[in-house]
């Protein structure tokens, strides 16, 4: 697992070219964005608007947004925040072509080719697409295909801007693609990723390894900075209050159970479920002593990176059992593998498939690929009593908060450099 993590660090786009000089004063950039997950799609824009505001002045048109938009405010993002898309032409196309397939938990595209054609047509009905310098795609990755098709179709029209294409993926690129269309979509995305006017990245080495294994596409992992959480920063003033981050789990409430353990042990810890807070802002989160993050079907959600961005100590239960994940490591969602030359990374992954649940060795391998294990600032615990002991150590918690802040600054520098290169290259491509 450590060898694979090191290998993913070498993943780079194949079309890197010399960059133009930054120039004087902020450059105006018009971005047309499509993605359902507001935090994932907001990440590249937040980096540019907050960390590089002296170089870029963003005007973003958000399309498709539907999940977690309520967390975002204009103060944190540095530009207009993503808002719920009430029904743009492209959002209506997605609504028309995506539905649940049998017993699947998530919607998926009924016909990828028909969706691409309809989505491309819908883009012609959106005036903002004709003035965009950059197209930004995310979840589902399938939407990157019609964006690329739109650009290719309009290339012959000198009156139409030729946007650069950025893609940022928080889950495997086959998400929301049914098995019958997966090879077709993988082939399209593989060709698009090689286009010199395209830059793709993932949120973590875990996702990059999955994509390399299934498609042969090697995408750099640019971990989220979540600078849209600004100005929130860890304070920890609520000494006995611990934030619990989880999705609803059948039959039991983790926060309630931890609270009962604390009472039984005569401990004063109080555990508050983030989803039940009357004011669930990042500033409110920052007042808690620490956070406990419980992985669920989608292993590494943006909420995990949000807490790290606040420099808040975060605890995660240390168990490979969490890789029995119905989302990230689904047994059935991604059965297709595109034929490709095996890299060192995909070869290692192929020996221990992420969706081979009966193989316990593979569960341990993929657990060590998660950022819960890869990031040194994450505090793993092995039992409730271990959690209580570590929560009580104020000196160690302070040290972890400082380490979290330092490592977040390092990731912010990496992300800023990556997205700056991509956006400057986009200016070169349209000039």
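Numbering (my numbering), first residue to last: 126 to 556. The beta carbon of each residue, even a glycine, is placed where N, CA and C say it ideally should be.
(1) State the DSSP-derived secondary structure class of residue 418, mapped to helix, strand or coil.
(2) Does the region 355 to 365 come within contact of the region 480 to 495, defined as at least 3 CB pairs closer than 8 Å?
(3) Rounded to a whole number of angstroms, what is the C-alpha to C-alpha distance between residue 181 and residue 540?
(4) Suppose contacts are defined by Cβ-Cβ distances below 9 Å. Is residue 425 in contact with residue 328 by that definition?
(5) Using the Cα positions of residue 142 and residue 326, report the straight-line distance between them to the nearest angstrom.
(6) Is the beta carbon of residue 153 sitting closer than 9 Å to the one on residue 185?
(7) Any heavy atom of the ligand SAM closer than 8 Å to the CB of residue 377?
(8) With DSSP as the reference, please indicate the residues paired to residue 370 in a beta bridge.
(9) Starting from the N-terminal side, write out each stretch of the alpha helix (DSSP H) that is 4 residues or longer and does not extend beyond the region 207 to 291.
(10) Between residue 499 and residue 130, which are expected to be in contact by the criterion C-beta below 8 Å, what is the C-beta distance as a whole number of angstroms?
(11) Taking the beta strand (DSSP E) that residue 154 falls in, what are its first and last residues?
(12) On the criterion of 16 or more Cβ atoms from any shown chain inside 10 Å, does residue 204 qualify as buried, or is it exposed?
(13) Look up residue 327 in the DSSP assignment and say whether it is helix, strand or coil.
(14) Per DSSP, residue 442 forms a beta bridge with which residues?
(15) Got a sec, what are the start and stop residues for the beta strand (DSSP E) residue 397 sits in?
(16) Could you give the distance in angstroms between the alpha-carbon of residue 272 and the alpha-carbon of residue 530?
(17) Bridge partners of residue 360, per DSSP?
(18) Any idea what DSSP makes of residue 136, helix, strand or coil?
(19) Using DSSP bridges, identify the partner residues of residue 346.
(20) Would you mind giving the Cβ-Cβ distance between residue 290 and residue 245, rounded to the nearest angstrom? I have them listed as a contact below 8 Å.
Answer, in terms of the structure:
(1) By one-based count along the chain shown, residue 418 stands at place 293. Strand at residue 418.
(2) no
(3) Within the chain shown, the letter at position 56 stands for residue 181. Within the chain shown, the letter at position 415 stands for residue 540. For residue 181 and residue 540, the distance between alpha carbons rounds to 15 Å.
(4) As a first step, residue 425 is located in the chain shown; it is residue number 300 there, counting from the start. As a first step, residue 328 is located in the chain shown; it is residue number 203 there, counting from the start. The answer is yes: Cβ separation under 9 Å.
(5) Start at 1 with the first residue of the chain shown, and residue 142 comes out as number 17. Start at 1 with the first residue of the chain shown, and residue 326 comes out as number 201. Low local confidence applies: a pLDDT of 47 at residue 142 is under 50, so the model's placement there is unreliable, with the coordinate-based value given in what follows. C-alpha separation (whole angstroms): 17 Å.
(6) Here residue 153 is taken as the residue at index 28 of the chain shown, counted from 1. Here residue 185 is taken as the residue at index 60 of the chain shown, counted from 1. For residue 153 and residue 185, no; Cβs fall outside 9 Å.
(7) No copy of the ligand SAM occurs in the structure displayed, which carries no ligand at all.
(8) Taking the first residue of the chain shown as position 1, residue 370 is located at position 245. According to DSSP, which records beta bridges pairwise, residue 370 is partnered with 418.
(9) 214 to 222, 237 to 249, 269 to 278
(10) On the chain shown, residue 499 is found 374 positions in, with the first residue counted as 1. On the chain shown, residue 130 is found 5 positions in, with the first residue counted as 1. Their Cβ separation, rounded to whole angstroms, is 6 Å, which keeps residue 499 and residue 130 in contact under 8 Å.
(11) Working through the chain shown from its first residue, we reach residue 154 at position 29. Note, residue 154: beta strand (DSSP E), 152 to 159.
(12) Taking the chain shown and counting its residues from 1, one reaches residue 204 at position 79. By the 10 Å Cβ count, residue 204 comes out buried.
(13) The residue given as residue 327 occupies position 202 in the chain shown. If DSSP states are grouped into helix, strand and coil, residue 327 belongs with the strands.
(14) Here residue 442 is taken as the residue at index 317 of the chain shown, counted from 1. In DSSP, residue 442 forms a bridge with 506.
(15) In the chain shown, the residue the question calls residue 397 occupies position 272. It spans 395 to 398 - the beta strand (DSSP E) in which residue 397 sits, taken as one unbroken run.
(16) Walking along the chain shown from the start, residue 272 turns up at place 147. Walking along the chain shown from the start, residue 530 turns up at place 405. If I take the Cα positions, the gap works out to 37 Å.
(17) For the purposes of this step, residue 360 is identified with residue 235 of the chain shown, where counting begins at 1. Looking at the DSSP output, residue 360 bridges to nothing.
(18) Along the chain shown, read from residue 1 onward, the residue named residue 136 stands at position 11. Under the three-state reduction of DSSP, residue 136 is assigned to coil, being neither helix nor strand.
(19) Within the chain shown, numbered from 1, the residue matching residue 346 stands at position 221. DSSP lists 327 as partners of residue 346.
(20) What you label residue 290 is simply residue 165 of the chain shown in a count that begins at 1. What you label residue 245 is simply residue 120 of the chain shown in a count that begins at 1. At roughly 13 Å, the Cβ-Cβ gap does not stay under 8 Å, so residue 290 and residue 245 are not in contact.
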